[in-house]
Amino acid sequence: MLDKTHKQLKLIYWSCVIIMFIAFVLDVLYTSKYTLPTENTGLERWGIIITLGGIFASLKLLHPRLNESDKTDTETALRKYFTKYIIRLTALVSVSVFNLICLNLTGIENFRYLAFLSVFALFLCAPNKAHIESETEI
210 MLDKTHKQLK LIYWSCVIIM FIAFVLDVLY TSKYTLPTEN TGLERWGIII TLGGIFASLK
270 LLHPRLNESD KTDTETALRK YFTKYIIRLT ALVSVSVFNL ICLNLTGIEN FRYLAFLSVF
330 ALFLCAPNKA HIESETEI
């Protein structure tokens, strides 16, 4: 059961990384050719706050840790770990998508860098089999 969960998490993780990287490259190529930069300091400021806060929340606060009440049996613990990991990955992908949309709408260079930073943050939450074993151990 542990190997199956780890393989599922790896498949979901790598598909998210590949899709976000391709979306980033295509969005950067599109905006550099077809979008003229517009001045929007309010959106830029909120974009920085949302990106840095979202990355911090995803990597630190949404780190999948299980309480003792979650560890009733191995199957339940793996299911709860899987859910918490997917929430963490979804939060990071949401931050990346927000930056890519803002880059596409405004063409501001800072959103390009923030999108790269948020896509790079995806590499910091790769599923680790040893961590899954230690968290779901009863």
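Under the numbering used here, the first residue of the sequence shown carries the number 210, and numbering increases by one thereafter.
A virtual CB, placed ideally from N, CA and C, is assigned to each residue, including glycine.
Which ranges would you report for the beta strand (DSSP E) in the stretch 274-299 if only whole runs of at least 3 residues count?
none
The alpha helix (DSSP H) spanning Asn319 covers which residue range?
In this chain, the alpha helix (DSSP H) harbouring Asn319 covers Glu318 to Ala330.
Where does the unbroken alpha helix (DSSP H) through Ala232 begin, and where does it stop?
DSSP places Ala232 in the uninterrupted alpha helix (DSSP H) bounded by Leu211 to Tyr243.
Helix, strand or coil, according to DSSP, for Ile347 in the structure here?
coil
Taking the C-alpha atoms as reference points, what is the distance between Val304 and Ile347?
34 Å
Please look up how many angstroms separate the CB atoms of Leu271 and Arg297, rounded, as I've assumed it's under 8 Å.
4 Å
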